[in-house]
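Okay, structure first, notes after.
Chains as they are written, first to last, in the numbering used here: chain A, 1 to 116; chain B, 117 to 229.
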């Protein structure tokens, strides 16, 4: 049973370009979460998605960031017009449905974004 | 929202000694507290967790204690080994949700041979 997969593992972009980060959840998991980790910081919640639905995007910056989890294919975190401050590790996690109680979130290996 | 504070930020111990990392949280409705270990360049991995209806949980050399009244919880590692060296993060799940993890800033643990 493959774990959560993310690609690319490393991504270099110049200021003003777009970054697309992909996440494939574990088999049987329908919930996806994105977290951002700045250097020497803890992970910070960005967004929680289920298939074709954004459940909670309270941690997403208001501009330039968007996320989707289509019916088919991986979840995508998209950052438009990247700036140096977007340089960070972006982790995706997945969990099975969690009706009423917390279900463990399994993390992917992360995508390390560097903005030049 | 939830706020999680973690101390110390760095911890250096000799192999075989114990290590203790402490966290406090702000949301009294928080009910789930996991601990993650992250090796350099790797993904965070859950090592132990505790729910709010339990005061202590142990798994071999690792234990977690929870004091709901004081709103703090601690990770205890006994008989430390060099492979325990990593960054450890505590987290809490806000009482208002059953999914949003709020992480502490991490503790870099170094176990010296």
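Heads up, the beta-carbon is just placed ideally off N, CA and C, and yes, glycines get one too.
Assign residue i to buried or exposed, taking buried as 16 or more other Cβ atoms, counted over all protein chains shown, within 10 Å of its Cβ.
i: residue 12 (chain A); result: exposed
i: residue 116 (chain A); result: exposed
i: residue 182 (chain B); result: buried
i: residue 160 (chain B); result: buried
i: residue 118 (chain B); result: buried
i: residue 133 (chain B); result: exposed
i: residue 31 (chain A); result: buried
i: residue 77 (chain A); result: buried
i: residue 111 (chain A); result: buried
i: residue 196 (chain B); result: buried
i: residue 36 (chain A); result: buried
i: residue 51 (chain A); result: exposed
i: residue 176 (chain B); result: exposed
i: residue 208 (chain B); result: buried
i: residue 128 (chain B); result: exposed
i: residue 126 (chain B); result: exposed
i: residue 185 (chain B); result: exposed
i: residue 216 (chain B); result: buried
i: residue 113 (chain A); result: buried
In the DSSP assignment, what are the bridge partners of residue i?
i: residue 150 (chain B); result: B:165
i: residue 7 (chain A); result: A:22
i: residue 90 (chain A); result: A:36 and A:111
i: residue 125 (chain B); result: None, per the DSSP bridge assignment.
i: residue 51 (chain A); result: The partner list for residue 51 (chain A) (beta bridge, DSSP) is empty, contrary to what the question assumes.
i: residue 179 (chain B); result: B:174 and B:192
i: residue 208 (chain B); result: B:218
i: residue 202 (chain B); result: B:225
i: residue 66 (chain A); result: A:78
i: residue 130 (chain B); result: B:228
i: residue 95 (chain A); result: A:31
i: residue 56 (chain A); result: A:48
i: residue 141 (chain B); result: B:120
i: residue 135 (chain B); result: B:193
i: residue 13 (chain A); result: A:115
Pick out whichever of the options has its Cα sitting closest to the Cα of residue i.
i: residue 147 (chain B); options: B:171, B:175 and B:121; result: B:171
i: residue 2 (chain A); options: A:112, A:90, A:114 and A:108; result: A:108
i: residue 58 (chain A); options: A:17, A:33 and A:9; result: A:33
i: residue 64 (chain A); options: A:111, A:29, A:18 and A:10; result: A:18
i: residue 22 (chain A); options: A:105, A:81, A:95 and A:74; result: A:74
i: residue 92 (chain A); options: A:29, A:15 and A:14; result: A:29
i: residue 20 (chain A); options: A:104, A:46 and A:82; result: A:82
i: residue 135 (chain B); options: B:201, B:142 and B:152; result: B:201
i: residue 121 (chain B); options: B:140, B:214 and B:129; result: B:140
i: residue 72 (chain A); options: A:25, A:104 and A:9; result: A:25
i: residue 27 (chain A); options: A:96, A:86 and A:66; result: A:96
i: residue 102 (chain A); options: B:142, B:149, B:143 and B:128; result: B:149
i: residue 60 (chain A); options: A:70, A:86 and A:104; result: A:86
i: residue 15 (chain A); options: A:105, A:79 and A:48; result: A:79
i: residue 227 (chain B); options: B:174, B:193, B:164 and B:180; result: B:193
i: residue 153 (chain B); options: B:215, B:185 and B:199; result: B:199
i: residue 9 (chain A); options: A:89, A:105, A:94 and A:104; result: A:89
i: residue 218 (chain B); options: B:205, B:169 and B:224; result: B:205
i: residue 223 (chain B); options: B:165, B:174, B:229 and B:156; result: B:156
i: residue 106 (chain A); options: B:163, B:130, B:124 and B:178; result: B:163
If residue i and residue j are in contact, beta carbons under 8 Å, what's the gap, nearest whole angstrom?
i: residue 203 (chain B); j: residue 191 (chain B); result: Going by Cβ atoms, the distance from residue 203 (chain B) to residue 191 (chain B) rounds to 12 Å, so no, they are not a contact pair.
i: residue 69 (chain A); j: residue 43 (chain A); result: Not confirmed; about 19 Å, so no contact.
i: residue 260 (chain B); j: residue 143 (chain B); result: Since the displayed chain B opens at 117 and closes at 229, residue 260 (chain B) lies outside it and no answer follows.
Going along the chain, which unbroken runs of the beta strand (DSSP E) with 3 or more residues stay wholly within the stretch 17-48 of chain A?
19-24 and 31-37
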